[in-house]
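Worksheet: the structure to be examined is printed underneath.
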C-alpha cells in the first residue's frame, strides 16, 4: 500500500493535469474537467475556470506564464484584476452580465503588462461552462489569446491609412478624428483651458510649381514644407504655448492644418501663424532647384464648448479665403463681424430670385429738377428690397449681388416694367406736363437678355411713349462698348429712348468716345458736386472741371444732370456754369409714388 501510495504521489507530481489545486475547490474543478483536463492544461491559449464570483478555480500553465505566476497560486485570485477587466466601465459591465447569467458571452481586447516588461495585446473571452455534474456549481471559462502580432499589423495598416504618403503627416481622416476628440476632451476636462485653435493654410502659387517643374519636385516641396511646419509646432510646444498638443496634418493638395489643443488665446495662434510664414519664406533647395513660396493662413481660436468640427473648419476656410483676398502671404484672424457680413451676402444672394416672385421689391422715385426754372422734368426710379429678415435694403446692398449671380436680368426687367406703368399713370394724370422716368440698367442686362426686345415690349404693353423713358448705364459699362452692347444702345436710341451715362467722371472719362455713342445725357458723379457745397470756401478746381465738362457736353448736343445737390448754394452755382438739371436731397429724398405728385406741385409753386 505504501509503495502504491508513493507511486500514486509520483504520478501526481509528474502529471500536470492530475496536479491537485491548493484549495478544496481546486480538487473539484480539476476533477470536473473530465476528459478535457489534458486539453485544458496542455493548451497554448491561456485559460482559467472561474466561479460566479469571478474567482479562479483553476488555471492552465499558459495562463500562469502570461501573468508570471504559478497556476496553482492563482486559485481564488480575482480574474478581473489579472486581465484588467475593471479598467473600462463598458467591459466591466459586460463581464458582470456574463457572471450573473444575463449574457452568454463577452469579448474584449485588453493591453496587459507581460512579466518580462513588454506590453501584450490580448483577446479576452468569458463564457459559461456546463455546470459541474456532482455539485451543480456554475462555472465560467476565461480564455486569453495573445494577438500582439495581429494588433501590430493592424496598427501598421492603420498608420498607412491615416497618414499622407508624401509628407508622412496625419491625413485628413486622422485630423478630423483628433479634432473631434480634442473638442470633446476640452469641453469636459476641468483642468484644461477649454479652448482650441486652428491654423489652416495653403501655399500661394503651388500649382505653378507642379505645372512648370513637375509633380516630383512638387512632392519634394510639400515634404519640405511639412518638415518646417512640424518644427514650428514643436517649437511652440517647447515654449509651453498651450497645454495640449500640436497636430500638423496635410488635408490634401497644398492644404495643411495646425491644430492646437488647449490653446491659451489668439496671441498664441498669431505667434504660431507668424512662425509658419517666416519659416516658409526662407528659400527651399530641392534637387538643384531653389524655390521660394509663401502661404495664406486662416486663424481661428475659440472655446471648445458649443464648437463643432464642421463649424470650426468652415470658419477656418472662410478666414483662409480672406487672407488670399487681402493679398496672400499673410495670416488673417477670424472676424465674427466680417463673417456675419459674408453670411448676410450669401443669404441675400440665394434669395434674390425668389424675392422677385414673392413681390418683396418696391420702387421709390427721386425728382430730376431743371436748374433754370426749378420744375421737375422727370424722376429716377430706385428699387428697394423689403426683406423679411433684414428690413428695407437700398440698392447698394443687393444690386452688385444680383449682377454676380445673374438675378439682375429678372429684377431689371421687373423694375423697367413697374417704372413704365407708373410713368404712364402720371402722363395720363398730367398730359400737359408729362414726366420722364429714368431707369438704371446693368451691363449684364445688355449681354444676358434681349434688352431692346424687352423695352419695346414693355413700352407697347404700358402705352408709355419712348421719349418718356430714359435708361441709365454706368460710364464703365458704356465707354468702350462695341458689338452687341453698342448695337443695343443704338437700337434703343433709334426707338426714341434716351440714354444717360450715370456717375460720369469716375470711370474712363473718354470724352472723345462720347461723339460716337448714342448718348443724350451725362449725369455728373456726386464727387464733383461736393466741391460746390460751401460758398465761403469754394473749390476752384471742381468748378473749372465741371464747367469744362458741361461746355463739352453741350457742344456734343448732350444735357448735363448734377447728382447729390444738397443746398441752394450748390444749385445756384451749378446753374451759373450751365448744368441743365439737378437731383438730390435739396429737392427730395426718394419717395413712394403717391408722394411724387405732391412734391412736384410744391416744386412748381416754390421753384424758379
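In the working numbering, the protein residues as written are 25 to 632. Think of the CB as a built atom: it goes at the ideal place given N, C-alpha and C, for glycine as much as any other residue. Fair warning: this is a prediction, and the values are worked out from it, not measured in the lab.
Q) Relative to the alpha-carbon of residue 403, which residue among 603, 494, 217, 539 has its alpha-carbon at the smallest distance? A) Within the chain shown, numbered from 1, the residue matching residue 403 stands at position 379. It is 494 whose Cα lies nearest to the Cα of residue 403.
Q: Starting from the C-beta of residue 470, find all residues in its chain whose C-beta is less than 6 Å away, skip the five residues before and the five after it, and write them out in chain order.
A: What you label residue 470 is simply residue 446 of the chain shown in a count that begins at 1. For residue 470, where only same-chain residues beyond five positions count, the Cβ hits under 6 Å are 509, 512.
Q) Per DSSP, what kind of secondary structure is residue 189 in: helix, strand or coil? A) In the chain shown, the residue the question calls residue 189 occupies position 165. Note: residue 189 maps to coil in three-state DSSP.
(Q) Using only CA atoms, which one of 203, 72, 76 lies nearest to residue 96? (A) Taking the first residue of the chain shown as 1, we reach residue 96 at position 72. If we check each option's Cα against that of residue 96, 72 comes out closest.
Q: Give the DSSP bridge partners of residue 99, in chain order.
A: The residue given as residue 99 occupies position 75 in the chain shown. Note: residue 99 sits in no beta bridge, so no partner.
**Q.** Identity of the residues DSSP links to residue 1 by a beta bridge
**A.** In the structure as shown, the chain begins at 25 and stops at 632. Residue 1 is therefore absent and cannot be evaluated.
**Q.** Cβ neighbours of residue 304 in the same chain (closer than 7 Å, five flanking residues each side left out)
**A.** Residue mapping note: residue 304 aligns to position 280 of the chain shown, counting from 1. Within the same chain, 249, 252, 317, 318, 319 come within 7 Å of residue 304 by CB-CB distance, once the 5 residues on both sides are set aside.
Q | Opposing strand residues paired with residue 194 [DSSP bridges] | A | The sequence position of residue 194 within the chain shown is 170, counting from 1. In the DSSP output, where bridge partners are listed per residue, residue 194 has 187.
Q | Contact set for residue 412: own chain, Cβ-Cβ below 8 Å, skip 5 residues either direction | A | To locate residue 412, count along the chain shown from 1; it is residue 388. Excluding residues within five positions, the ones whose Cβ falls inside 8 Å are 384.
Q: Between the Cα of residue 400 and those of 414, 389, 138, spot the shortest distance and give me the residue it belongs to.
A: As a first step, residue 400 must be located in the chain shown, where it is residue number 376. Looking from the CA of residue 400, the closest CA among 414, 389, 138 belongs to 389.
Q) For residue 578, is the beta carbon positioned less than 7 Å from some heavy atom of the ligand GTP? A) With respect to small molecules bound, the structure shown includes none, and the ligand GTP cannot be examined in it.
Q: Express the C-alpha separation of residue 370 and residue 188 in angstroms, rounding to a whole number.
A: Looking up residue 188 in the chain shown gives position 164. Looking up residue 370 in the chain shown gives position 346. Distance between the alpha carbons of residue 188 and residue 370 is about 34 Å.
Q: Go through the segment 136 to 187 residue by residue and report every complete run of the beta strand (DSSP E) that reaches 3 residues or more, in order.
A: Runs of the beta strand (DSSP E) inside the segment 136 to 187: 143 to 152, 163 to 170.
Q. For residue 352, which three-state DSSP category applies?
A. Taking the first residue of the chain shown as position 1, residue 352 is located at position 328. In the structure shown, residue 352 sits in coil (DSSP, three-state: anything other than H, G, I, E or B).
Q | Span of the alpha helix (DSSP H), counted from its first residue to its last, around residue 363 | A | Counted from its first residue, the chain shown places residue 363 at position 339. For residue 363, the enclosing alpha helix (DSSP H) begins and ends at 360 to 381.
**Q.** residue 564 burial status per 10 Å Cβ neighbour count (16 or more: buried)
**A.** Within the chain shown, numbered from 1, the residue matching residue 564 stands at position 540. Note on residue 564: under 16 other CB atoms within 10 angstroms of its CB, so exposed under the neighbour-count rule.
(Q) Going by C-alpha to C-alpha distance, which of 421, 348, 407, 430 sits closest to residue 464? (A) If you number the chain shown from 1, residue 464 lands on position 440. Of 421, 348, 407, 430, the residue nearest in Cα terms is 407.
Q. Per DSSP, residue 220 forms a beta bridge with which residues?
A. Along the chain shown, read from residue 1 onward, the residue named residue 220 stands at position 196. Answer by DSSP bridge pairing, in chain order: 285, 326.
**Q.** residue 588 - partner residues in DSSP beta bridges
**A.** For the purposes of this step, residue 588 is identified with residue 564 of the chain shown, where counting begins at 1. Answer is none; residue 588 lacks a bridge partner.
Q: Decide if the segment 139 to 155 is in contact with the segment 166 to 173; the criterion is three or more beta carbon pairs, one per stretch, under 8 Å apart.
A: A contact exists between the segment 139 to 155 and the segment 166 to 173.
Q | residue 181 to residue 372 span [Cα, whole Å] | A | For the purposes of this step, residue 181 is taken as residue 157 along the chain shown, with counting starting at 1. For the purposes of this step, residue 372 is taken as residue 348 along the chain shown, with counting starting at 1. For residue 181 and residue 372, the gap between their C-alpha atoms comes out near 48 Å.
Q. On the three-pair Cβ rule with 8 Å, is the segment 190 to 201 touching the segment 104 to 124?
A. Short answer: they don't touch.
Q: Kindly confirm or deny that the segment 359 to 368 and the segment 444 to 464 touch, where touching means at least three C-beta pairs closer than 8 Å.
A: Because the criterion of three Cβ pairs below 8 Å is not met, the segment 359 to 368 and the segment 444 to 464 do not touch.
Q. Exposed or buried, residue 285, counting other C-beta atoms within 10 Å across all chains shown (16 or more means buried)?
A. On the chain shown, residue 285 is found 261 positions in, with the first residue counted as 1. Classification of residue 285: buried, given that the 10 Å Cβ count is 16 or more.
Q. Exposed or buried, which one is residue 617 when buried takes at least 16 other CB atoms within 10 Å?
A. Along the chain shown, one-based indexing puts residue 617 at 593. Buried is the call here.
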